[in-house]
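In my numbering, the protein residues as written are 6 to 239.
The beta carbon of each residue, even a glycine, is placed where N, CA and C say it ideally should be.
Small disclaimer: the values here were computed from a predicted structure and weren't measured.
Below you can see the structure in the form of structure tokens.
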């Protein structure tokens, strides 16, 4: 099964899930009218879907993300990448992001280059989508456990020259690859904002969302009511 979400001129998300068996879990109904803005936005980020079928379970890594760079970025982008990795690691209490020096050791590919090269080398299924996007990420998750097992991201350094925009793209793709896949429209400065902006840093609320999601409280496979019982974001 594959779900594709389009973000015009910015990002594309491709999700593929392994296995077809989905466990039957009874979850409490949620009264969305009683949610705070923060709770509503958090649910939208984790469970929402702009296009395609929504998945009502948390998709999340249960192991470290081992990132391989097939073609090394320039020094500025390398420093930006290191900054993003350090910041996510600081906010996470469950897993770490680390760079590795071979594709065999990796479970995540981060590609800096043209969309055409990305399609040829890593993601043929994106061939008809790269023209209207400057970045994308793709994740594989197990449809029984909802654990993310692998993924990749692409940053277009051939058509985007502004480092602020590249930093935004890189931060957004790596953050959403954690399993916080959807956009919101209530906060224009958020890394999760759905329209194209080139803000380079997380907002204070972004950091709270990431820390909550990457805490021990949130597990792969949890449903919305279970997550709402555990988060403290008001």
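{"Query": "Short Cβ contact (8 Å threshold) for residue 176 with residue 192", "Result": "no"}
{"Query": "Coil, strand or helix - residue 71 by DSSP", "Result": "strand"}
{"Query": "4-residue-minimum alpha helix (DSSP H) runs that sit fully inside the stretch 139–210, ordered along the chain", "Result": "168–181"}
{"Query": "Those residues which DSSP pairs with residue 66 across a bridge", "Result": "153"}
{"Query": "For residue 172 and residue 162, the rounded distance between their alpha carbons", "Result": "11 Å"}
{"Query": "Alpha carbon of residue 215 to alpha carbon of residue 196, nearest angstrom", "Result": "11 Å"}
{"Query": "Classification of residue 37 by the beta-carbon crowding that lies within 10 angstroms, buried from 16 upward", "Result": "exposed"}
{"Query": "Euclidean distance between Cα positions of residue 112 and residue 143", "Result": "12 Å"}
{"Query": "Residues bridged to residue 118 (per DSSP)", "Result": "161"}
{"Query": "Supposed contact pair residue 115 and residue 82 - C-beta distance, whole angstroms, cut 8 Å", "Result": "That pair is no contact at about 10 Å."}
{"Query": "Bridge-paired residues (DSSP) for residue 103", "Result": "71"}
{"Query": "Own chain partners of residue 108 with C-beta closer than 8 Å, once the 5 adjacent residues on each side are dropped", "Result": "73, 75 and 114"}
{"Query": "Where the alpha helix (DSSP H) through residue 87 begins and ends", "Result": "80–96"}
{"Query": "8 Å Cβ cutoff met for residue 96 and residue 219", "Result": "yes"}
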